[in-house]
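Engineer:
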Amino acid sequence: MGCGTSAAATETQCVEETEGEHVRNPSPALTMKAAVLIQRWYRRYMAHLEMRRRYTWNIFQSIEYAGEQDQLQLSSFFSFMLDNVTHLNGNGPDLISQLLDPVVDPWLGRESSFGSMTVPDSYTGPRLSFPLSVSDTNTLLGAFKEQQPLHAKYLLQLLYETKKLLRQMPNIVHLSTSYTKDITICGDLHGHLDDLLLIFYKNGLPSAETPYVFNGDFVDRGKKSVEVVVLLFAFFLLYPDYMHLNRGNHEDHIMNLRYGFTKEVMQKYKTHGREILQLFQDVFSLLPLATVIDGKILIVHGGISDQTDLDFLNSVERCKVKSALRLPRQSFEPLDLGQSYRQTKRLRSTDGSRPDSSRNQKTPNQSRRRRGHLTHQDSAASCSSSSSSSSSTLCSPRSPSSLSPCPCPPSPSMHFTVNSLQVPFLDSLSSLPPPSPPQHEREWKQVVDILWSDPKNQDGCFPNTFRGGGCYFGPDVTQRLMLQHGLQLLIRSHECKQEGYELCHGGRVITIFSASNYYEEGSNRGAYIKMGKDLVPRFYQYQVRRGTRKLTLTQRVRVAEGSALKALKEKLFTHRSELMAAFKEFDHNNTGCVSVSEWAQVLESALRLDLPWRTLRPHLVRLTAEGAVEYETCFEDMGSGTQLARVTPNLAETLFRYRTDIEIIFNIIDKDHSGLISTEEFRQTWRLFSAHLGVDINEQVIDDLARSIDFNKDGSIDFTEFLEAFRVVHKLDKDQHLSGTMTNAETF
0 MGCGTSAAAT ETQCVEETEG EHVRNPSPAL TMKAAVLIQR WYRRYMAHLE
50 MRRRYTWNIF QSIEYAGEQD QLQLSSFFSF MLDNVTHLNG NGPDLISQLL
100 DPVVDPWLGR ESSFGSMTVP DSYTGPRLSF PLSVSDTNTL LGAFKEQQPL
150 HAKYLLQLLY ETKKLLRQMP NIVHLSTSYT KDITICGDLH GHLDDLLLIF
200 YKNGLPSAET PYVFNGDFVD RGKKSVEVVV LLFAFFLLYP DYMHLNRGNH
250 EDHIMNLRYG FTKEVMQKYK THGREILQLF QDVFSLLPLA TVIDGKILIV
300 HGGISDQTDL DFLNSVERCK VKSALRLPRQ SFEPLDLGQS YRQTKRLRST
350 DGSRPDSSRN QKTPNQSRRR RGHLTHQDSA ASCSSSSSSS SSTLCSPRSP
400 SSLSPCPCPP SPSMHFTVNS LQVPFLDSLS SLPPPSPPQH EREWKQVVDI
450 LWSDPKNQDG CFPNTFRGGG CYFGPDVTQR LMLQHGLQLL IRSHECKQEG
500 YELCHGGRVI TIFSASNYYE EGSNRGAYIK MGKDLVPRFY QYQVRRGTRK
550 LTLTQRVRVA EGSALKALKE KLFTHRSELM AAFKEFDHNN TGCVSVSEWA
600 QVLESALRLD LPWRTLRPHL VRLTAEGAVE YETCFEDMGS GTQLARVTPN
650 LAETLFRYRT DIEIIFNIID KDHSGLISTE EFRQTWRLFS AHLGVDINEQ
700 VIDDLARSID FNKDGSIDFT EFLEAFRVVH KLDKDQHLSG TMTNAETF
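The sequence shown begins at 0 in numbering that gives the first Met the number 0 and counts up one residue at a time.
#1: Please state whether DSSP places residue 629 in a helix, a strand or coil.
#2: With a threshold of 8 Å, are at least 3 pairs of Cβ atoms found where one atom belongs to the segment 179 to 198 and the other to the segment 537 to 544?
#3: Could you check how far apart the C-beta atoms of residue 698 and residue 706 are, in whole angstroms? I think they sit under 8 Å.
#4: With three or more beta-carbon pairs closer than 8 Å as the criterion, would you say the segment 253 to 261 touches the segment 297 to 316?
#5: Relative to the C-alpha of residue 486, which candidate in 294, 536, 597, 136 has its C-alpha closest?
#6: Could you check how far apart the C-beta atoms of residue 754 and residue 287 are, in whole angstroms? I think they sit under 8 Å.
#7: How long is the line joining the alpha carbons of residue 474 and residue 480, rounded to whole angstroms?
#8: Distance, Cα to Cα, residue 611 vs residue 599?
#9: How big is the Cα-Cα spacing for residue 136 and residue 324?
#10: Tell me residue 538's beta-bridge partners as DSSP assigns them.
#11: Roughly how many angstroms lie between the CA atoms of residue 578 and residue 602, to the nearest whole one?
#12: Do we get a CB-CB distance below 8 Å when we pair residue 686 with the residues of chain B?
#13: With the cut-off set at 8 Å, would you say residue 562 and residue 519 are in Cβ contact?
#14: Given a cut-off of 8 Å on the beta-carbon distance, is the pair residue 248 and residue 451 in contact?
#15: For residue 310, count neighbouring C-beta atoms within 10 Å of its own C-beta (all shown protein chains included) and say buried if the count is 16 or more, exposed if not.
#16: Counting only the same chain and skipping the five closest in sequence on each side, list residues whose C-beta sits under 6 Å from that of residue 321.
#17: Between the segment 263 to 271 and the segment 216 to 232, do three or more beta carbon pairs fall short of 8 Å?
#18: Can you say whether residue 37 is buried or exposed, counting buried as having 16 or more other CB atoms within 10 angstroms of its CB?
#19: List the whole-angstrom C-beta distance separating residue 214 from residue 186, where the pair is believed to meet the contact cut-off of C-beta under 8 Å.
#20: How would you write the range of the beta strand (DSSP E) that residue 213 sits in, first residue to last?
#21: Less than 8 Å separating the beta-carbons of residue 315 and residue 446?
#22: With a CB to CB cut of under 6 Å and the five nearest residues on each side skipped, what residues in its chain are close to residue 113?
#23: Distance check for residue 558 and residue 662, CA to CA, integer angstroms please.
#24: Can you name the residues that DSSP bridges to residue 715?
#25: With respect to the beta strand (DSSP E) encompassing residue 243, which residues constitute its N-terminal and C-terminal limits?
#26: In whole angstroms, what is the alpha-carbon distance linking residue 526 and residue 274?
#27: Would you kindly work out how many angstroms separate the C-alpha atoms of residue 574 and residue 317, rounded to a whole number?
#28: Alpha helix (DSSP H) containing residue 143: first to last residue?
#29: Skipping 5 residues on each side, what residues in its chain have a beta carbon closer than 7 Å to that of residue 181?
#30: So who's on the other strand from residue 289, going by DSSP bridges?
#31: Helix, strand or coil: how does DSSP classify residue 608 here?
#32: Just to confirm, is the Cβ distance from residue 468 to residue 63 under 8 Å?
#33: Nearest CA to the CA of residue 495: which residue from 615, 504, 509?
#34: Can you give the Cα-Cα distance for residue 307 and residue 34, rounded to whole angstroms?
#35: So, using beta-carbon positions, are residue 449 and residue 296 closer together than 8 Å?
#36: For residue 318, name the three-state secondary structure that DSSP assigns.
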């Protein structure tokens with residue numbers, strides 16, 4: 000009986016287990032359907048994440064290029080100061096003059112005081128002996144890993160020795176793979192010491208077995224530019240046959256003023272900072288412009304144009320191009336006005352016919368001149384109408400005594416042809432045919448194109464208006480240069496890429512970028528190329544990770560996205576008056592609302608950032624229930640650092656917008672880097688700056704601002720406090736900061 004009961008129980012248990020198996024093991028069709036749903040959800044999720052990554056990238060890049068356009072304008076302001084200011088506080092803007100118009104030719108050498116300098120016993124950093132040895136470079140590597148600075152004496156001597164060696168280098172360096180297994184090619188580093196150390200760790204230190212080509216932009220943006228460039232120069236001195244350095248567009252003292260290298264040097268070497276900067280300027284101007292491997296691989300920093308000629312580039316006196324942003328100025332002195340006037344009359348009598356009349360035909364845009372200069376729009380129009388595609392600018396000359404403001408200075412991207420010169424003749428203006436460009440201008444154009452240009456998929460060569468310098472060159476321009484010089488590949492840098500590299504023009508143009516986390520930690524990878532005898536590039540990617548090591552992909556995207564949106568909101572805030580005026584043109588009934596398309600149109604026309612504004616709209620502004628944009632909410636979560644008493648909104652917004660430019664100017668005036676400048680220096684320089692930009696601000700307002708900043712009435716302005724006052728603050732961050740302060744106060 001017990002056995003029967005056992006049998007029945009066992010049968011019941013078997014039935015229950017069978018039914019349970021049916022529950023736990025669904026049909027194959029149901030399993031496949033679930034897998035498809037999960038896959039579809041995952042693909043949508045990753046597509047949305049990729050969209051966020053891309054518009055975050057677009058924001059960072061657009062703001063970066065807008066900053067480069069601002070730098071071109073600032074460089075024109077420096078030229079304006081040098082041309083028109085003879086006395087500033089009694090002795091003139093000496094540092095600006097020394098930086099922009101040095102009288103010392105780098106080929107002749109610059110006397111340095113490092114020989115008489117002594118290194119105190121208390122100095123614990125690296126000590127170098129010249130000529131350098133392997134132990135010296137190892138000492139530098141170890142010291143920089145431990146964040147130990149290099150004494151000014153050793154830095155000056157290192158730069159002096161580098162300068163002597165660079166004087167012997169040609170403009171275009173030719174390498175061969177027959178003497179080595181591989182050549183490693185690295186892109187922009189931008190002061191990222193961790194990336195350089197990681198490259199050396201993964202790929203090996205420079206040596207006969209591991210030769211390198213570093214393709215420019217060693218400095219700026221990063222916080223360790225001095226350390227990066229010192230290591231590169233040290234290995235260059237140790238292995239000049241195996242360490243090769245091309246010049247980038249940031250090996251330029253005017254770019255260094257905006258993007259941090261000048262400030263870094265002055266902060267790290269307060270006593271000898273100016274001497275070090277001037278020696279860096281000499282060294283940068285002597286860096287080679289290009290490298291060619293086996294006669295087949297051309298390596299330049301930016302790119303090429305339809306005017307690029309490697310034979311001519313090899314003959315350029317590169318040391319004379321101190322800065323690609325310093326436009327060569329023509330002069331009236333060599334012109335025979337009487338003879339030119341007679342020639343002009345003859346030309347007019349024959350209806351302006353001449354052999355190349357189509358090239359020099361005057362366009363309607365060229366008649367809209369403002370005191371000898373073209374406006375930005377006119378210049379762009381001239382670029383498109385001119386038959387010449389050279390990316391460099393020929394500026395209309397102006398009288399040195401002229402104080403007329405230049406609302407938008409010509410930049411290296413505005414490659415229009417100057418058809419006539421307006422010069423005074425018998426109390427009237429007469430149009431004269433311009434002289435042919437002198438040698439130094441032709442050399443300057445070649446260097447600008449090499450350092451600043453970018454590739455595009457469209458054929459042709461046209462101005463790089465987005466970046467503000469150089470040109471865009473298409474596949475046909477690449478093909479033409481390769482056929483002309485027997486090349487098969489162009490390797491360039493100059494542009495940050497999310498994966499560290501990118502191929503275009505049918506694989507004939509490669510962009511390589513070696514600074515990972517360039518915009519924000521987790522924003523991009525770095526990469527380098529290894530090239531062997533087969534001349535087939537092999538790519539190696541990496542990413543320095545510290546804070547983001549434990550973050551998920553979604554969290555990393557969110558961090559970068561938040562940083563980009565903050566920068567974009569600051570851009571909106573600094574153009575608040577302009578944007579509000581444009582919004583009100585659409586808001587006829589003063590409702591505070593416009594349509595989404597009108598809102599996007601206003602932002603695009605005012606900021607010219609080429610961004611997907613409709614996609615970004617939920618992050619920037621609120622909608623009404625009817626779907627209209629409440630445009631004032633663009634600015635509701637931003638404010639100034641402090642309350643600005645007695646400052647008109649027009650002046651305040653101008654100061655917000657040009658805060659970086661003003662900081663550069665006043666850091667130059669502040670010779671001892673103390674943060675204090677005289678009230679009179681503030682007045683004079685701001686008047687020049689506002690006149691150059693065409694900003695209509697009453698001088699009494701400037702004087703009131705100067706007096707309000709001078710809190711203790713000692714005649715000096717604490718410029719650090721001034722900069723803090725004109726800082727865009729995000730209210731959410733400010734509230735979090737205040738709450739954190741309250742918490743700390745309660746804790747203690």
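We treat Cβ as the ideally placed atom computed from N, Cα and C, and that holds for glycine.
Here the structure is a predicted model, which is why all the values come from computation and not from measurement.
Structural biologist: Put simply:
#1: Taking the first residue of the sequence shown as 1, we reach residue 629 at position 630. It is a strand residue.
#2: yes
#3: Working through the sequence shown from its first residue, we reach residue 698 at position 699. Working through the sequence shown from its first residue, we reach residue 706 at position 707. Contact flag wrong, Cβ pair sits at about 13 Å.
#4: no
#5: To locate residue 486, count along the sequence shown from 1; it is residue 487. Closest option to residue 486, Cα to Cα, is 294.
#6: No answer is possible for residue 754: it lies beyond the span of the chain, which begins at 0 and ends at 747.
#7: Here residue 474 refers to the residue found at position 475 of the sequence shown. Here residue 480 refers to the residue found at position 481 of the sequence shown. Distance between the alpha carbons of residue 474 and residue 480: 10 Å.
#8: Locating residue 611 in the sequence shown gives position 612, counting from the first residue. Locating residue 599 in the sequence shown gives position 600, counting from the first residue. Each residue's Cα considered, the two are about 9 Å apart.
#9: Here residue 136 refers to the residue found at position 137 of the sequence shown. Here residue 324 refers to the residue found at position 325 of the sequence shown. Between residue 136 and residue 324, the C-alpha separation is close to 34 Å.
#10: Walking along the sequence shown from the start, residue 538 turns up at place 539. Answer by DSSP bridge pairing, in chain order: 528.
#11: As a position in the sequence shown, residue 578 is number 579, starting the count at 1. As a position in the sequence shown, residue 602 is number 603, starting the count at 1. Each residue's alpha carbon lies about 7 Å from the other.
#12: Reference to chain B is not applicable here, since this structure consists of a single protein chain.
#13: The residue given as residue 562 occupies position 563 in the sequence shown. The residue given as residue 519 occupies position 520 in the sequence shown. Yes; because the gap between Cβ atoms is below 8 Å, this pair is in contact.
#14: Taking the first residue of the sequence shown as position 1, residue 248 is located at position 249. Taking the first residue of the sequence shown as position 1, residue 451 is located at position 452. Yes.
#15: Position 311 of the sequence shown, counted from the first residue, corresponds to residue 310. Its Cβ having fewer than 16 others within 10 Å, residue 310 is exposed.
#16: What you label residue 321 is simply residue 322 of the sequence shown in a count that begins at 1. Taken in chain order, the residues that qualify are 284.
#17: yes
#18: Numbered from 1 along the sequence shown, position 38 holds the residue referred to as residue 37. Classification of residue 37: exposed, given that the 10 Å Cβ count is below 16.
#19: Taking the sequence shown and counting its residues from 1, one reaches residue 214 at position 215. Taking the sequence shown and counting its residues from 1, one reaches residue 186 at position 187. Indeed they touch by this definition, with Cβ atoms about 5 Å apart.
#20: Here residue 213 refers to the residue found at position 214 when the sequence shown is read from its first residue. Unbroken beta strand (DSSP E) run through residue 213: 211 to 213.
#21: Within the sequence shown, the letter at position 316 stands for residue 315. Within the sequence shown, the letter at position 447 stands for residue 446. Yes; because the gap between Cβ atoms is below 8 Å, this pair is in contact.
#22: Position 114 of the sequence shown, counted from the start, is the residue given in the question as residue 113. Within the same chain, residue 113 has close Cβ partners 152, 155, 156.
#23: Residue 662 sits at position 663 when you count from the first residue of the sequence shown. Residue 558 sits at position 559 when you count from the first residue of the sequence shown. If I take the Cα positions, the gap works out to 28 Å.
#24: For the purposes of this step, residue 715 is identified with residue 716 of the sequence shown, where counting begins at 1. Residue 715 is bridged to 677.
#25: Within the sequence shown, the letter at position 244 stands for residue 243. Unbroken beta strand (DSSP E) run through residue 243: 242 to 244.
#26: For this step, residue 526 is matched to residue 527 along the sequence shown. For this step, residue 274 is matched to residue 275 along the sequence shown. Going by the C-alpha atoms only, they are around 34 Å apart.
#27: Against the sequence shown, residue 574 aligns to sequence position 575. Against the sequence shown, residue 317 aligns to sequence position 318. Straight-line Cα distance between these residues: approximately 39 Å.
#28: Along the sequence shown, one-based indexing puts residue 143 at 144. Here the alpha helix (DSSP H) through residue 143 covers 133 to 144.
#29: Position 182 of the sequence shown, counted from the first residue, corresponds to residue 181. Closer than 7 Å at Cβ, skipping near neighbours: 529, 530, 531.
#30: Numbered from 1 along the sequence shown, position 290 holds the residue referred to as residue 289. Paired residue(s): 171.
#31: The sequence position of residue 608 within the sequence shown is 609, counting from 1. Coil, per DSSP.
#32: Residue 468 sits at position 469 when you count from the first residue of the sequence shown. Residue 63 sits at position 64 when you count from the first residue of the sequence shown. It is not a contact, given that the beta carbons lie outside the stated cut-off.
#33: Translated into the one-based positions of the sequence shown, residue 495 becomes position 496. Considering only alpha carbons, the answer is 509.
#34: Within the sequence shown, the letter at position 308 stands for residue 307. Within the sequence shown, the letter at position 35 stands for residue 34. The alpha-carbon atoms of residue 307 and residue 34 are separated by roughly 56 Å.
#35: Here the question's residue 449 lines up with position 450 in the sequence shown. Here the question's residue 296 lines up with position 297 in the sequence shown. No; because the gap between Cβ atoms is not below 8 Å, this pair is not in contact.
#36: As a first step, residue 318 is located in the sequence shown; it is residue number 319 there, counting from the start. Reduced to three states, the DSSP call for residue 318 is helix.
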